[in-house]
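The numbering used here applies: residue 7 is where the first sequence begins, and numbers increase by one.
Ideal Cβ positions, reconstructed from N, Cα and C, are used throughout, including at glycine.
No experiment lies behind these values; they were computed from the predicted model shown.
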Amino acid sequence: MYNHFMNNREVASTFRLIADLLEIKGENLYKILAYRRAAESLTNLSRDVQEVWQAGELEQIPGIGKAISEKIDELLRTGRLGFLERLTEEVPISLADLLRISDVGPKKAALFWHQAGITNLTELEAAARAGKLHNLPGVGEKSEARILAGIEALSRRSTRTPLGAALPFARQVLAWLRALPSIQSADLAGSLRRMRATIGDIDLVASSHDPGLIMKAFTEHGWVRHVSAAGETKSSVEFHNGLRAQLWVYTPERYGTGLIHTTGSKEHALRLREMAQKRGLSLSDRSILNPDGSEQLFDSEAGVYAVFGMEWVPPELREDRGEIQAALEGRLPHLVTQADLTADLHTHSTWSDGQLTIREMAEAARQRGLKVIAITDHSASLGVAGGLSPDELVAQRREIQAAQAYLGESIQILQGAEVEILSNGSLDYRDEDLAKLDIVIASLHSGLRQPRQQVTERLVRAMRNPHVDVIGHPSGRLIPDREGADLDMEVVLDTAAQTGVALEINAHPARLDLDDIYARRSAEMGIPISINTDAHHSSEFDNIEYGLGTARRAWLEPQHLINTWPADRLTAWLSSREGQPPVERA
DNA sequence: GCCGTTTTCGGCCCGACTGTTTTCAGTCG
7 MYNHFMNNRE VASTFRLIAD LLEIKGENLY KILAYRRAAE SLTNLSRDVQ
57 EVWQAGELEQ IPGIGKAISE KIDELLRTGR LGFLERLTEE VPISLADLLR
107 ISDVGPKKAA LFWHQAGITN LTELEAAARA GKLHNLPGVG EKSEARILAG
157 IEALSRRSTR TPLGAALPFA RQVLAWLRAL PSIQSADLAG SLRRMRATIG
207 DIDLVASSHD PGLIMKAFTE HGWVRHVSAA GETKSSVEFH NGLRAQLWVY
257 TPERYGTGLI HTTGSKEHAL RLREMAQKRG LSLSDRSILN PDGSEQLFDS
307 EAGVYAVFGM EWVPPELRED RGEIQAALEG RLPHLVTQAD LTADLHTHST
357 WSDGQLTIRE MAEAARQRGL KVIAITDHSA SLGVAGGLSP DELVAQRREI
407 QAAQAYLGES IQILQGAEVE ILSNGSLDYR DEDLAKLDIV IASLHSGLRQ
457 PRQQVTERLV RAMRNPHVDV IGHPSGRLIP DREGADLDME VVLDTAAQTG
507 VALEINAHPA RLDLDDIYAR RSAEMGIPIS INTDAHHSSE FDNIEYGLGT
557 ARRAWLEPQH LINTWPADRL TAWLSSREGQ PPVERA
């Protein structure tokens with residue numbers, strides 16, 4: 007290989023693999039933790055690790071010191087890592103797969119390896135079926151059965167569930183919990199409450215003076231297929247629909263610490279515990295323990311944060327991405343809310359692949375309190391979506407005018423288009439057709455697997471077209487099936503900053519694209535951001551919730567989003583972009 | 001392996017639940 011390019015995700019997963027293998031080997035726990043923390047830090051990094059490396063600034067990344075920065079350097083220079091190669095000679099690399107099985111951790115994996123010669127999933131499954139595991143020390147028949155069930159569960163479900171596939175069901179469960187007689191309060195927790203794009207399982211937390219009663223009702227409910235743990239205060243189940251859930255129950259006076267613990271993230275909670283420790287306190291999910299052994303109890307989260315002199319931190323920010331420091335300094339962002347949004351600038355009608363007419367879509371948007379809606383049907387070349395020819399755009403304009411006349415001034419309907427970016431970076435409409443539109447969104451739908459440089463240049467060329475106002479779902483990812491295009495985001499963001507084109511946060515739960523990391527970076531660079539539902543039906547306006555979650559995770563405030571601008575400012579911005587000459591590369 | 005408003009060395013978060021155990025280790029969040 008002459009090209010040693012590795013992106014942030016690939017470098018991060020290399021360090022996760024090292025951590026897994028070291029753990030099976032039985033290395034010092036804090037060394038392992040250090041590799042994991044470095045991996046998390048790289049995952050949260052909004053700059054390209056390649057660029058940070060070239061700038062010689064690797065050690066400025068939190069959790070990355072001399073040893074790990076040297077390893078990154080070797081990886082990026084040579085595409086290899088001697089340390090990992092020596093490690094895999096000692097510990098078979100396929101052992102790391104065993105850790106994906108629930109109830110199998112590093113100690114069990116090492117046991118299977120040393121005492122039964124097992125080095126991969128296939129061998130483990132065969133040994134379990136043959137009943138060869140339960141003779142090993144510390145492993146009984148129950149463990150053997152659990153392991154077998156765990157292996158089967160691995161093939162049954164993908165590792166993470168899209169937020170949009172989990173949230174509606176989780177809310178049903180929550181509503182049922184809240185209706186229980188002995189319950190005081192109940193909330194979503196975990197990555198659902200933090201609005202991560204994908205979740206591992208559904209975390210629920212409740213307060214009650216009778217936790218046992220809640221637990222019994224929860225684990226015995228008809229939608230539960232299997233109970234994998236059931237204790238006094240915590241239980242774990244799998245539902246018939248394949249989703250897993252955990253429920254914690256606290257007494258009301260301990261709900262504050264409980265909610266913080268169960269909401270996470272793990273890294274955020276860890277930081278808080280470190281802070282407690284520095285003050286001689288000990289923070290757990292039950293209380294704060296004073297040095298003299300007495301307890302401080304908290305019925306709300308705000309009280310816990312106040313102990314450390316911090317503002318209450320919105321759940322979407324709890325990722326250890328600087329929110330602790332910001333909360334200490336009283337400079338947390340004033341996050342955008344649904345009430346701030348006045349425009350949806352990316353929607354479809356029956357003119358292409360939408361299911362409702364322009365008037366129906368506009369009425370539904372008005373009903374949701376929007377002041378502006380842009381109808382942005384597909385351009386001609388996206389044949390599967392019934393894209394419009396330039397002639398049809400003229401006819402569509404007449405229908406928009408009719409709908410506008412019918413609806414009066416309560417909502418403004420813009421004529422736009424979602425224009426294909428063709429494989430060479432040119433657009434699917436001629437400039438004179440684009441010039442007639444109120445708003446132009448340019449999107450990639452095909453050729454997403456082009457090489458990095460090619461697909462990046464394609465997007466850059468589209469951004470340099472002066473008629474383009476917004477880049478729709480920039481990466482083209484589809485959760486959980488398809489990775490986005492291999493874009494050079496440094497170049498994409500620089501071009502957006504130069505041309506003033508807006509980047510979209512597409513709110514569809516399968517997209518959430520831009521993601522939270524790049525949306526935050528875009529805002530820091532002064533790039534306008536547009537948050538849109540891409541609705542093909544009025545019911546999909548509700549998807550804005552997912553996009554808002556992403557925007558809030560990106561620390562966005564109302565002024566970062568063009569959708570919060572008053573209609574006159576928005577249309578002035580759009581028309582100011584018309585006919586601007588392309589900005590040439592400096 | 002990382003890190004520093006007690007430290008450049010010696011620390012590094014906390015507790016519930018399960019299974020295989022005679023008092024605890026492993027896993028998980």
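Length of the line joining the Cα atoms of residue i and residue j
i              : j              : result
threonine 239  : valine 255     : 5 angstroms
lysine 113     : glycine 144    : 11 angstroms
glutamate 426  : glutamate 63   : 38 angstroms
glycine 555    : arginine 527   : 16 angstroms
methionine 12  : arginine 42    : 18 angstroms
leucine 338    : alanine 332    : 5 angstroms
glycine 88     : aspartate 298  : 50 angstroms
valine 233     : aspartate 216  : 20 angstroms
methionine 281 : aspartate 305  : 20 angstroms
alanine 308    : leucine 219    : 28 angstroms
glutamine 410  : lysine 442     : 17 angstroms
leucine 518    : glutamate 584  : 28 angstroms
serine 100     : tyrosine 524   : 33 angstroms
valine 589     : alanine 251    : Model confidence at valine 589 stands at a pLDDT of 46, short of 50, so the residue's coordinates are unreliable; what they give is reported in the following sentence. Rounded to the nearest angstrom, the two C-alpha atoms are 52 angstroms apart.
threonine 49   : arginine 202   : 14 angstroms
alanine 391    : serine 271     : 40 angstroms
threonine 570  : glycine 490    : 27 angstroms
isoleucine 124 : isoleucine 107 : 14 angstroms
proline 572    : glutamate 546  : 23 angstroms
Segment limits, alpha helix (DSSP H) that includes residue i
i                : result
valine 466       : 458-470
isoleucine 78    : 72-84
alanine 386      : Careful: alanine 386 lies outside any alpha helix (DSSP H) and carries neither H nor E.
tryptophan 59    : 55-60
glutamate 131    : 127-135
phenylalanine 21 : 14-31
isoleucine 266   : 261-269
valine 498       : 495-505
histidine 120    : 112-122
isoleucine 153   : 147-162
phenylalanine 89 : 88-96
alanine 44       : 35-49
alanine 185      : From DSSP, alanine 185 is part of no alpha helix (DSSP H); its letter is neither H nor E.
threonine 577    : 573-583
Outcome for residue i when other beta-carbon atoms lying within 10 angstroms are tallied against a minimum of 16
i              : result
alanine 513    : buried
glutamate 424  : buried
alanine 380    : buried
arginine 591   : Residue confidence is low: arginine 591 scores 38 on pLDDT, short of 50, so the model does not pin down where it sits. Its coordinate-derived value is still stated next. When all chains shown are included, arginine 591 counts as exposed.
glycine 32     : exposed
alanine 172    : buried
proline 534    : buried
alanine 195    : buried
asparagine 141 : exposed
tyrosine 552   : buried
glycine 262    : buried
asparagine 14  : buried
aspartate 79   : exposed
histidine 340  : exposed
proline 480    : buried
Those residues which DSSP pairs with residue i across a bridge
i             : result
glutamate 244 : His232, Arg250
tyrosine 256  : Ser213
proline 168   : Thr204
alanine 560   : Answer by DSSP bridge pairing: none, since alanine 560 is not bridged.
serine 288    : Leu295
alanine 541   : Thr353
aspartate 519 : Asn512
leucine 567   : Ile535
leucine 394   : Ser385
Where the beta strand (DSSP E) through residue i begins and ends
i              : result
glutamine 190  : 189-195
leucine 278    : Counting along the chain, leucine 278 falls outside any beta strand (DSSP E), though it belongs to the alpha helix (DSSP H) covering 272-284.
asparagine 538 : 535-538
alanine 508    : 508-512
Heavy atom of the ligand FMN within 7 angstroms of residue i beta-carbon
i           : result
leucine 518 : The ligand FMN is absent from the structure shown, which contains no ligands of any kind.
Whole runs of the beta strand (DSSP E) within the stretch 405-490, excluding any shorter than 3 residues: Within the stretch 405-490, the beta strand (DSSP E) runs of at least 3 residues that lie entirely inside it are, in chain order, 418-426, 445-449.
Those runs of the beta strand (DSSP E) which lie wholly inside the stretch 299-384 and span at least 3 residues: Entirely contained in the stretch 299-384, the beta strand (DSSP E) runs reaching 3 residues are, in chain order, 349-353, 378-384.
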